[in-house]
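Count along the sequence shown from 1, add 39, and you get the number used in this note's numbering. Positions of the beta carbon are idealized from the N, C-alpha and C atoms, including for glycine. Because the structure is a prediction, the values reported are computed rather than measured.
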Amino acid sequence: MRAAGTLVGLILLALSLKAKGIDKRLTAELARYGRAGRSAPRTAGWTLELTGPGVASVRYHNVEIGAFHYAFWGPGWSWADPQVRAAGPGTGRGKDAFVVDVPELKTKLRGAVHRGDRALTFQYSIETAAAADGVVGGGLEFNLRLASPVLAGQADVTLRPDNRGFVVSPPGGGPGFSVSFDAPLASVHFERGNQEQIRCFFSSGRLEAGKRNLSMTIALPPGGTIQPSVAERYGRDDPSTWTPATVVWDKWPVDVSFLNDGERPAGIHGRVRARGDQLVFDDGKVARFWGTNVAAYALYTGTKAEIANQAKRIAALGYNLVRIHHHDSDWVTPNVFAPGDTTQRLNDAALDAIDWWVKCLRDEGVYIWLDLKVGRKFKPGDGIPGFSELERTDPAGRGFDFIDPRLQELEQNFAKQYLSRVNRYTGQSYLRDPAVVAVLVTNEDDLTTHFGNEMLPDHHNPVHQALLHSAIET
């Protein structure tokens, strides 16, 4: 990242110096950049690189197109967490040896990577200590980015016969890259029909005790190159020399919470306001924040004692600002909304958990950033005209809420409900609490959002298309 940032800086410098007609300094800087052993990222063709023990990344014009990881499940899709590590010295398998240990399935994969001119071959020795029935199985999961602009969003994937891998072809029928196995697998399939997620299962249904060998080759088309790994470029880590358990969830290796001594509880200096290029409290003290997120399930799990301890830990690690994030996302259960067919009723238990987090953080001199809308998905009971258009495209209403009066009303009503209620542990509403220094109105949301402008005619959302036209005309 530092090398990339330096290169960007040099490009900007080039434009500046070119405009002034002086580029001798640029020449010298580029020469120094080269002498230091750093080179600009490769921008042409296909490349393949080891990105960690037993895993690799395929890139096209320096954009990642595919990568894989190991995934295993036991009965009923219970997660069988694979532990991947570089193999220690003395294994006799070479510098790219690795081990994938799946203790829940009594299975271990010992592997090594062999390099060709434009291919990497992963050789696996798979050992299962005990047979088991009814397991889902597992192996490799490839995640592809077929919609990447460098592929013009038109790449295609073809599964090889006999569960032996797949081929990725770029637009125009040119050569792409391939993944092939030397023996049929239990399954090679698109997960739920999604061509960008391919699961290559070594076993499925039943695990047989014993040992077997398997190899996988990732091959690039002519002209492709194997890139040196990060470890080869910058040196290898030896985790055996690391101090164990330095960062665990309920303790902290250092305590710099004394930096917040003058801030306890958060808010004692009054409101924070912008003054020029500074943030300043009411009493004139300049505010400086170093923040982190507390998000999703972390907001709603744990006892009150554990949350209080986490607030101490956050302060001890040097943070003085926490963003309460993903409080409303539908994939988080519970979340701030009560169950039902509407998002207009709030979940009292969830509010209690958030209030307690705010109280505990505040006590430790940690200020609060509240989000209003992050992952809220509207429901049929919310009374949104043209709701089927949201339901089909984006139930969170991103982009739509810039022109839809009903969505705006719902979001404003939530803001009033959420911010004006009194925190039962501090006795103050979030509107009045000076420890609350920031509120995000809506997250990653604009008229075009992630999906393009959904109100354009080719998106076939006539109700919201008409709302956009009305807004433009007025």
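- Scanning its chain for C-beta atoms nearer than 6 Å, with the 5 sequence neighbours on each side dropped, one finds around Val476 the residues Val311 and Tyr406, in chain order.
- The alpha helix (DSSP H) runs of length 4 or more contained entirely in the stretch 381-409 are, from start to end of the chain, 387-402.
- When Cβ pairs closer than 8 Å are counted between the two stretches, the stretch 159-170 is seen not to touch the stretch 105-112, the count staying below three.
- It is roughly 15 Å from the alpha-carbon of Val141 to the alpha-carbon of Ser243.
- Annotated as proximal: Lys398 and Asn462, with beta-carbon spacing under 8 Å.
- Residue pairing of Phe111 in beta bridges, as defined by DSSP: Gly177.
- Note that the C-beta distance between Trp395 and Tyr464 is below 8 Å.
- Per DSSP, the unbroken alpha helix (DSSP H) holding Phe453 starts and ends at Pro444 to Ser459.
- From the listed residues Gly155, Ala248, Asp391 and Val287, the smallest Cα separation to Asp172 is found for Ala248.
- Taking the CA atoms as reference points, Leu159 sits about 41 Å from Gly330.
- Here Pro209 has Leu190, Ala194 and Gly215 as same chain residues with Cβ atoms under 6 Å from its own Cβ, once five neighbours each way along the sequence are excluded.
- Asp497 sits in a helix when the DSSP states are folded into three classes.
- Contact check for Ser296 and Ala355: beta-carbon distance about 5 Å, within the 8 Å limit, so the pair qualifies.
- According to the DSSP assignment, Val207 belongs to the beta strand (DSSP E) that extends over Gly204 to Ser208.
- Within 10 angstroms of the beta-carbon of Thr342 lie fewer than 16 other beta-carbons, which makes it exposed.
- Pairing Lys416 with Pro444 gives a Cβ-Cβ distance that is not under 8 Å.
- Per DSSP, Lys324 lies in no alpha helix (DSSP H) and is assigned neither H nor E.
- The distance from the Cβ of Arg238 to that of Glu180 is about 5 Å, consistent with a contact at the 8 Å cut-off.
- Distance between Val207 and Ala258, taken at the CA atoms: about 11 Å.
- In this structure, the straight-line span from the alpha carbon of Glu271 to that of Gln162 is close to 20 Å.
- By DSSP's assignment, Tyr464 forms no beta bridge with any residue.
- When the five nearest sequence neighbours on each side are left out, the beta carbons in the same chain lying within less than 6 Å of the beta carbon of Arg245 are those of Asp172, in order along the chain.
- The three-state secondary structure of Gln349, taken from DSSP, is helix.
- Secondary structure note for Ala337: its alpha helix (DSSP H) is the uninterrupted segment Tyr336 to Tyr339.
- Inter-segment contact for the stretch 282-289 and the stretch 115-126 is absent: fewer than three beta-carbon pairs are separated by less than 8 Å.
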